[in-house]
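A quick write-up on the structure given underneath.
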Amino acid sequence: MVLLVTTCFLGLNCTQANALPNTTLQTLKEDRKVTENNKTILREFMEELWNKGNLDAVDKFIAFPYVIHSDPGYQMEWQSLNLPTFKKRVLYSRQTFPDLHFAVKEIIGEEDKVVISWDLEGTHRGDIPGLPATGKRVKVPGITIYYFSGGKITGHWQVIDRLGFMQQVMPHAPQK
Numbered sequence: 298m299v300l301l302v303t304t305c306f307l308g309l310n311c312t313q314a315n316a317l318p319n320t321t322l323q324t325l326k327e328d329r330k331v332t333e334n335n336k337t338i339l340r341e342f343m344e345e346l347w348n349k350g351n352l353d354a355v356d357k358f359i360a361f362p363y364v365i366h367s368d369p370g371y372q373m374e375w376q377s378l379n380l381p382t383f384k385k386r387v388l389y390s391r392q393t394f395p396d397l398h399f400a401v402k403e404i405i406g407e408e409d410k411v412v413i414s415w416d417l418e419g420t421h422r423g424d425i426p427g428l429p430a431t432g433k434r435v436k437v438p439g440i441t442i443y444y445f446s447g448g449k450i451t452g453h454w455q456v457i458d459r460l461g462f463m464q465q466v467m468p469h470a471p472q473k
């Protein structure tokens, strides 16, 4: 009887052990597929919304509410945006820097998160609170972690070189 119980126990564990790698492998493949899909979505999002200013594409990429987490001092820090306020945010950025372009330097993803490092380039042609338009061309680096759910972006955490930006647009700043 003990031999039968031991054999059944070992047989059950062997069966489970054989099934586990296939299940784990399948899960890893699915996670990788989701990650690669999210990276593709983010590349398209950066190009369509930020580089081209295509506000009609917001619904394709963004799920609402969209939550912004940022470095301290950013006026939209910890805000939750709906469709109109998200579009207003993009429009404001595009008016301030009409030739705005994000050059994605690196993109790394894992499941529901995609991280990009980027350089923002543009000409400061619109007023920012406390800083009138300077007409100066700027290049500012940053890093953003984007969060995804169901194939759409739900928010981000971003750090940008605000000091570097201010040094480039202040009256005494040398033109790059």
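Quick note on numbering: the sequence shown equals residues 298 to 473 in our numbering.
Glycine included, every Cβ here is placed at the ideal spot set by N, Cα and C.
Just the C-alpha distance for residue i and residue j, rounded to the nearest angstrom, thanks.
i    : j    : result
V435 : R386 : 19 Å
L460 : T320 : 49 Å
G439 : L325 : 30 Å
N335 : Q323 : 18 Å
F462 : G350 : 21 Å
K402 : E333 : 17 Å
E341 : A354 : 10 Å
P468 : V437 : 17 Å
T337 : S446 : 14 Å
With C-beta atoms as the reference, is residue i less than 8 Å away from residue j?
i    : j    : result
I359 : F383 : yes
I457 : L339 : no
Taking the alpha-carbon of residue i as reference, which of the options has the nearest alpha-carbon?
i    : options                   : result
T420 : H469, T321 and D396       : D396
L417 : D409, N351, E344 and T321 : E344
V331 : I442, R422, F399 and K449 : K449
Q392 : T324, E408, N348 and V412 : N348
E408 : E341, G423, Y444 and P468 : Y444
D328 : V411, E341 and G423       : V411
S390 : E403, G423 and T451       : G423
Among all the DSSP beta bridges, which residues are the ones paired with residue i?
i    : result
L378 : Y363
I450 : I359 and F445
H398 : E418
E403 : S414
K436 : E418
I457 : G439
Kindly list the residues whose CB is nearer than 7 Å to the CB of residue i, restricted to its own chain and excluding five residues on each side of it in sequence; keep chain order.
i    : result
N379 : F361 and P362
F399 : M343, W347, N348, W415 and L417
D356 : none
I442 : K410, V412, H453 and W454
Quick one: residues in its chain with C-beta nearer than 8 Å to the C-beta of residue i, no 5 flanking neighbours on either side, listed in chain order?
i    : result
L352 : L346, K384, V387 and L388
I425 : T393
V466 : H421, L428, T431, K433 and V435
Once you ignore the five residues that flank residue i on each side, which residues in its own chain have a CB closer than 6 Å to its CB?
i    : result
T451 : A360 and Y444
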